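Just so we're aligned, residue 1 is where the sequence shown starts under our numbering, counting upward by one.
As structure tokens, the structure follows; a few thoughts come after it.
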Amino acid sequence: MSDFRVPTLTRRAFLASAAAVSTGAMFPPQSHARAAGIREFRLRAGPGRAQIAPDPHGETAIWCYDGKLPGPEIRVRQGERLRIAVENALDEETTVHWHGVRVPNGMDGVPHLTQVPIAPGDTFTYEFEAVDAGTFWYHPHHRSFEQVGRGLYGPLIVEEANPVRVDRDVTWVLSDWRLTKTAEMREDFGNRHDMMHNGRVGNTVTINGRVPDVVPVRKGERVRLRLINAANARIFGLDFGDHEPTVIALDGQPVEPHAPEGGLVVLGPAMRADIIFDMTAEAGSRVSVIDRFYKDLEYRLVDLAYGDQPLRQTALDWPALLPPNPLPEPDLASAIRHEVTFNGGMMGAMVMQEMGGSMGDTGEDSAGAMGGMMGDMMNMMHSGGIWFINGVAAEGHIMDPMLTLARDKSHVIAMTNATAWHHPIHLHGHSFRVISRNGKPTRLREWQDTVLMSPRERVEIAFVADNPGDWMLHCHILEHQAAGMMGVFRVA
Ligand code: C2O
Ligand code: CU
Numbered sequence: 001m002s003d004f005r006v007p008t009l010t011r012r013a014f015l016a017s018a019a020a021v022s023t024g025a026m027f028p029p030q031s032h033a034r035a036a037g038i039r040e041f042r043l044r045a046g047p048g049r050a051q052i053a054p055d056p057h058g059e060t061a062i063w064c065y066d067g068k069l070p071g072p073e074i075r076v077r078q079g080e081r082l083r084i085a086v087e088n089a090l091d092e093e094t095t096v097h098w099h100g101v102r103v104p105n106g107m108d109g110v111p112h113l114t115q116v117p118i119a120p121g122d123t124f125t126y127e128f129e130a131v132d133a134g135t136f137w138y139h140p141h142h143r144s145f146e147q148v149g150r151g152l153y154g155p156l157i158v159e160e161a162n163p164v165r166v167d168r169d170v171t172w173v174l175s176d177w178r179l180t181k182t183a184e185m186r187e188d189f190g191n192r193h194d195m196m197h198n199g200r201v202g203n204t205v206t207i208n209g210r211v212p213d214v215v216p217v218r219k220g221e222r223v224r225l226r227l228i229n230a231a232n233a234r235i236f237g238l239d240f241g242d243h244e245p246t247v248i249a250l251d252g253q254p255v256e257p258h259a260p261e262g263g264l265v266v267l268g269p270a271m272r273a274d275i276i277f278d279m280t281a282e283a284g285s286r287v288s289v290i291d292r293f294y295k296d297l298e299y300r301l302v303d304l305a306y307g308d309q310p311l312r313q314t315a316l317d318w319p320a321l322l323p324p325n326p327l328p329e330p331d332l333a334s335a336i337r338h339e340v341t342f343n344g345g346m347m348g349a350m351v352m353q354e355m356g357g358s359m360g361d362t363g364e365d366s367a368g369a370m371g372g373m374m375g376d377m378m379n380m381m382h383s384g385g386i387w388f389i390n391g392v393a394a395e396g397h398i399m400d401p402m403l404t405l406a407r408d409k410s411h412v413i414a415m416t417n418a419t420a421w422h423h424p425i426h427l428h429g430h431s432f433r434v435i436s437r438n439g440k441p442t443r444l445r446e447w448q449d450t451v452l453m454s455p456r457e458r459v460e461i462a463f464v465a466d467n468p469g470d471w472m473l474h475c476h477i478l479e480h481q482a483a484g485m486m487g488v489f490r491v492a
């Protein structure tokens, strides 16, 4: 089990530019779109092939966007409108979810809940405004444990009007595959063992769709590295050796620049981190980037290979602070409180019993409530549910809302992970502040759209529910989501 301790660099140099674009209203009606600000894109979801494993292995059959792995990087300026026509060339239905982007409900890509799924051969056009600058990504929300697992995902980058100054702006889409010895896809998607344990953790890790070897860098160089975890289930804990990366954004949202806790950049599935990465080692040297998340399963992700010619000798003093996004600040004094408890999985009954006595801070007899909930869950487990939110296992995307949040009001959701496993919990349509962990206020009150919860951990999040509609709340370990760990909250 895990122990939570805590590229292809080809893009042209990306420097600050002054071409400001007005950000406009948060969720303007479509008729207000300024023609000049609309950016049109096309994406085609379909089968493809990719050189995932290194030579002498051949290509692997995958599903992907536009024949590319990852899908094409969609890159716009903050405040621009995107119009993206998605064509479905798969043999099954699909949708696209713009993960982390605060889109209007009808553009959120949740099958049946927010749209009719895109049938094979059909096209659906999404349109929304890039209200927040930052690092986002897109992926299907229909049978995502298989569609994402086969390679359907891509980065969506929204540039600030005045980005931080760096030499290069680089995106690493991290992923993880379960391949056979001959580099074919293992076809065991959605098997019960993965669902009950930590999901489809694979055996082959890629950066931008390839098993990486070395990444060329130069001494003195400053890179903005945008990390995106697109894996179904693998959690990363990246150690950059003697480098001292500075985290400047989490899940696309600016954060007070800081050194990662314990020196590890930790990313659960769907999570992103932007780091300012100064190349401080000697010219001609090599430094390994090691993934240390799973205890005793550390491995070298990639080597940074320093060229012989330094770019500069002096340390940089360019500021690393990003401008804030237009997020409404929750008012904790008046916030309405809600409780959400996650249960189930292997060893779930044991954890519930163990935590039953310690969950009484709402003043109710929670041990008794937990006992009742457990009986219900036992029944549901026999009918196929494995994971539960507030005692209910989802069977599809259409459900009665588990929470109704008064619109434009501040809300605190106190979440309890009463399981023996990690869960990256994602809310649609909103970013939230992570305000406490196990009763202790967080130091940075970071904005996230996906928060990684450790086994038995309690986390409080706070936000203003300003985006009306029915939205998903789910674990982003896609096998957990498929096995019930999903619910709907309504903003009305
Ligand atoms: Cu990244 Cu509900 O999704
Ligand atoms: Cu989970």
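The beta-carbon is built from N, C-alpha and C at its ideal position, and this holds for glycine as well.
Source: prediction; values computed, not measured.
So is the beta-carbon of residue i under 7 Å away from any non-hydrogen atom of the ligand CU?
| i | result |
| --- | --- |
| W421 | yes |
| M485 | yes |
| H480 | yes |
Does DSSP classify residue i as helix, strand or coil?
| i | result |
| --- | --- |
| A349 | helix |
| R34 | Confidence is the limiting factor: at R34 the pLDDT is only 48, short of 50, which leaves the residue's position unreliable and the question unanswerable from this model. |
| Q309 | coil |
| M486 | strand |
| N88 | strand |
| G79 | coil |
| H57 | coil |
| R102 | coil |
| H97 | strand |
| D122 | coil |
| H112 | coil |
| G469 | strand |
| H197 | coil |
| R210 | strand |
| E460 | strand |
| R437 | strand |
| A18 | For A18, the predicted structure reports a pLDDT of 26, less than 50, and the residue's modelled location is therefore unreliable. A value from the coordinates is still provided. Coil. |
| G241 | coil |
| G356 | helix |
| R192 | helix |
Name the DSSP bridge partner or partners of residue i?
| i | result |
| --- | --- |
| Q448 | F432 |
| Q481 | Answer by DSSP bridge pairing: none, since Q481 is not bridged. |
| K181 | Answer is none; K181 lacks a bridge partner. |
| P47 | W63 |
| A249 | P254 and D274 |
| H476 | For H476, which the question treats as bridged, DSSP gives no partner whatsoever. |
| M453 | H423 |
| N325 | DSSP output for N325 lists no bridge partner at all. |
| L304 | V215 and V287 |
| I228 | V173 and R272 |
| G344 | W387 |
| I74 | L156 |
Within the present structure, is the beta-carbon of residue i separated from the nearest heavy atom of the ligand SAH by less than 7 Å?
| i | result |
| --- | --- |
| H139 | Among the ligands present in this structure, namely the ligand C2O and the ligand CU, the ligand SAH is not found. |
Under a CB-based cut-off of 8 Å, is residue i close to chain D?
| i | result |
| --- | --- |
| L156 | Here chain D cannot be found, since the structure has a single protein chain. |
### Message
Tell me which residues pass a beta-carbon proximity test against the ligand C2O: closer than 6 Å to any heavy atom, given in chain order.
### Response
Taking each Cβ in turn, the ones that pass are H97, H99, H139, H141, A270, H426, H428, M472, H474 and H476.
### Task
Output the residue ranges of the beta strand (DSSP E) runs that lie fully inside the segment 129 to 173 and measure 3 residues or longer, sorted by chain position.
DSSP runs (the beta strand (DSSP E)) wholly in the segment 129 to 173: 134 to 139 and 154 to 159.
#### Entry: Segments of 4+ residues assigned as alpha helix (DSSP H) that fall wholly inside the segment 259 to 284
Qualifying alpha helix (DSSP H) stretches: none in this window.
### Message
List, from N- to C-terminal side, the beta strand (DSSP E) runs of 3 residues or more that fit wholly inside the segment 378 to 430.
### Response
Complete beta strand (DSSP E) runs here, min 3: 387 to 389, 403 to 405, 410 to 417 and 423 to 427.
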